[in-house]
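Q:
Numbering (full-length UniProt numbering), first residue to last: 1 to 525.
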């Protein structure tokens, strides 16, 4: 090795450091492009499930059932209800008129109704609406002794323990008898309570006149009492023009303080997923999403096996795991929603005389949309900070912090690829500097072989030569004015190895010098 150093001062055959950098940059670029494709696919899935028709359908339905009042009367729309009298005025007025559309604006009969209402002439009323009441028992709270002579009844706020399960009033039809709740249906979170299903339920008729008579009968027989805590009005619509279901819930809460608090929910959802060509394109994106998820999961499992407990010490790895968990939850929600829709949709549409509970389907569909939204939020966070965990970016950032111009390896690689493409297309002449330098190095190597040096010595000498040229250029350049030049960890490693090689060469020179001195001493005697 030291003999080769006499040929030229150190070097390496072909520096592997630069090769590793190029491979790392290419791998990082490939991963970035792959993740961008995944992110675009996820955005298509997220925004492909919504469209402007959902907003406009919710808007027109809210305007019809929340803002419409009886002409000439105040506080008859749903938003302004404050008392039981206001509630019955709304039910017998705006709600009844908005629910039943059996004639055109010119009083002509609608065509092909098939025993269904056509709200705004375009939205089919699915089944019949349902009205449901929850009550609390008497004596669920305690009246102070001084006021018991004035008031001997006390109705506390609604809880499942305080709920009244007994029949009341006429005790004849379903609206006077308690119905047990359905366990599969979600509870409702209101202003002053969390309400479960069940209660005192009745459905409306297909006939507008029969429904009006029903409301009048309930009002005259005091269906709403002091123990009433909430009334739900549920019904569903379908618009075939835009393939959207609109699930509507109007809620009137009767707090223990008195008065009425109104709230509402309008869910426009696309339960029939695959109808048009665009829907099938979304389906292909869903399949692509699953493929990406399998690939990313496999990569993370490999990282866990490789780094073991050290894997969980990085916050970015935890972000990866969180993103994978959210993706799996989103897929689970999607599969569950599709299975439930396929099982229940046909059953709900068979009997048009019963209430069609689409609220259950819309509820889980909304949760699926929320999970997807959270997933894409964390996916964009990972995309924005992807470069931070890259070693190349970290070195560039360090170079900027000390005022030294960074070496943009990624930009160099792109520029080199661009120049190579131009040369192949004969749009640019090939660069000859590198070829001349390579030819000169080959001539020197050939000369060393003729002088008797073996290949190991020649390669070691080339390695030291490359080290010397690169390090002298970096740390002994006349352009650098300041004496203090901090180095990176990799540069320190290169300097250390270079120092080791110099130490070996110095040791060899020292041995040769001692041998020459001994020969000179022997000649003197």
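Quick reminder that beta carbons are idealized off the backbone N, C-alpha and C, glycines included.
So, with DSSP's three-state summary, where would you put residue 526?
A: Here the chain has residues from 1 to 525 only, and residue 526 is not among them.
Q: Can you give the Cα-Cα distance for residue 167 and residue 179, rounded to whole angstroms?
A: If I take the Cα positions, the gap works out to 10 Å.
Q: Do residue 263 and residue 190 have their CB atoms nearer than 8 Å?
A: Against a cut-off of 8 Å, the Cβ pair of residue 190 and residue 263 comes out as a contact.
Q: To the nearest angstrom, how far is it from the Cα of residue 140 to the Cα of residue 153?
A: Rounded to the nearest angstrom, the two C-alpha atoms are 9 Å apart.
Q: So if DSSP puts residue 250 in a beta bridge, which residue, or which two residues, is it bridged to?
A: In the DSSP output, where bridge partners are listed per residue, residue 250 has 233 and 264.
Q: What does the alpha-carbon distance come out to for the pair residue 222 and residue 155?
A: Each residue's Cα considered, the two are about 17 Å apart.
Q: Between which two residues does the alpha helix (DSSP H) harbouring residue 81 extend?
A: That residue, residue 81, is in no alpha helix (DSSP H); it is neither H nor E in DSSP.
Q: Between residue 511 and residue 459, what straight-line distance do the alpha-carbon atoms span, to the nearest angstrom?
A: So the alpha carbons of these two residues sit roughly 23 Å apart.
Q: Over what stretch of residues does the beta strand (DSSP E) that includes residue 554 continue unbroken?
A: Since the displayed the chain opens at 1 and closes at 525, residue 554 lies outside it and no answer follows.
Q: Pick helix, strand or coil for residue 272, following the three-state DSSP scheme.
A: In this structure, residue 272 counts as coil in the three-state DSSP scheme.
Q: To the nearest angstrom, how far is the alpha carbon of residue 320 from that of residue 279?
A: Distance between the alpha carbons of residue 320 and residue 279 is about 29 Å.
Q: Starting from the C-beta of residue 132, find all residues in its chain whose C-beta is less than 6 Å away, skip the five residues before and the five after it, and write them out in chain order.
A: Answer for residue 132: 199, 201 and 232, listed in chain order.
Q: I need the DSSP call for residue 118, collapsed to helix, strand or coil.
A: In this structure, residue 118 counts as strand in the three-state DSSP scheme.
Q: Could you check if residue 408 is buried or exposed, using at least 16 other CB atoms within 10 Å of its CB as the buried criterion?
A: Unreliable positioning characterises residue 408 in this predicted model, as indicated by a pLDDT of 47, which lies under 50. The coordinate reading is nonetheless provided below. Classification of residue 408: exposed, given that the 10 Å Cβ count is below 16.
Q: Does the Cβ of residue 479 have 16 or more other Cβ atoms within 10 Å, making it buried, or fewer, making it exposed?
A: With a pLDDT of only 46 at residue 479, under the threshold of 50, the placement of this residue in the model should not be trusted; the figure read from the coordinates follows. It counts as exposed.
Q: Tell me, please, whether the stretch 92-100 touches the stretch 206-214 by the rule of three or more beta-carbon pairs shorter than 8 Å.
A: Touching, yes.
Q: Could you give the DSSP three-state label for residue 400: helix, strand or coil?
A: Confidence at residue 400 is low in this model, with a pLDDT of 45, below 50, so its placement is unreliable and the value that follows should be read with caution. Of the three classes helix, strand and coil, the one that applies to residue 400 here is helix, per DSSP.
Q: Assess contact between the stretch 234-253 and the stretch 328-335, defined as three or more Cβ pairs (one per stretch) separated by less than 8 Å. Is contact present?
A: No, the stretch 234-253 does not touch the stretch 328-335.
Q: Which value, in whole angstroms, describes the spacing of the CA atoms of residue 122 and residue 268?
A: Roughly 15 Å between the two C-alpha positions.
Q: Give me the Cβ distance between residue 160 and residue 196, rounded to the nearest whole Å; I'm assuming they're in contact under 8 Å.
A: Contact flag correct, Cβ pair sits at about 6 Å.
Q: Indicate whether the contact test is met: 3 or more Cβ pairs, each with one atom in the stretch 354-368 and one in the stretch 180-187, closer than 8 Å.
A: Touching, per the Cβ criterion.
Q: So, helix, strand or coil for residue 172, using DSSP?
A: Three-state result, residue 172: coil.
Q: Just to confirm, is the Cβ distance from residue 285 to residue 41 under 8 Å?
A: Yes. Within cutoff.
Q: Pick out the complete beta strand (DSSP E) segments inside the stretch 21-75, 3 residues or longer, and give them in chain order.
A: As far as the stretch 21-75 is concerned, it has no whole beta strand (DSSP E) run of at least 3 residues.
Q: Under 8 Å, with one C-beta from each stretch per pair, do the stretch 54-62 and the stretch 76-92 reach the 3-pair mark?
A: Verdict: no, contact absent.
Q: With H, G and I counted as helix, E and B as strand and the rest as coil, what does DSSP make of residue 358?
A: Residue state, collapsed to three classes: coil.
Q: What is the rounded straight-line gap between the Cα of residue 514 and the Cα of residue 502?
A: So the two alpha carbons sit approximately 18 Å from each other.
Q: Could you tell me which of 304, 227 and 250 sits nearest to residue 90, measuring between CA atoms?
A: Nearest option by C-alpha distance: 250.
Q: Which of the three DSSP states, helix, strand or coil, is assigned to residue 201?
A: Strand, per DSSP.
Q: Would you tell me roughly how many angstroms separate the C-alpha atoms of residue 10 and residue 289, rounded to the nearest one?
A: Reliability fails at residue 10, whose pLDDT of 42 lies under 50, so the model's placement of it is uncertain and the value that follows must be treated cautiously. When rounded, the distance between both Cα atoms is 53 Å.
Q: Shortest alpha-carbon distance to residue 326 belongs to which of 241, 352 and 367?
A: Nearest C-alpha to residue 326: 367.
Q: Who are residue 378's beta bridge partners in DSSP?
A: DSSP output for residue 378 lists no bridge partner at all.
Q: Taking C-beta to C-beta, are residue 369 and residue 61 nearer than 8 Å?
A: Result no, Cβ atoms of residue 369 and residue 61 do not sit closer than 8 Å.
Q: Helix, strand or coil for residue 238 per DSSP?
A: Three-state DSSP puts residue 238 in a strand.
Q: Of the residues 216, 96 and 227, which one's Cα is nearest the Cα of residue 137?
A: Of the candidates 216, 96 and 227, the one whose C-alpha sits nearest the C-alpha of residue 137 is 227.
Q: How many Å lie between residue 181 and residue 277 at the Cα?
A: About 41 Å.
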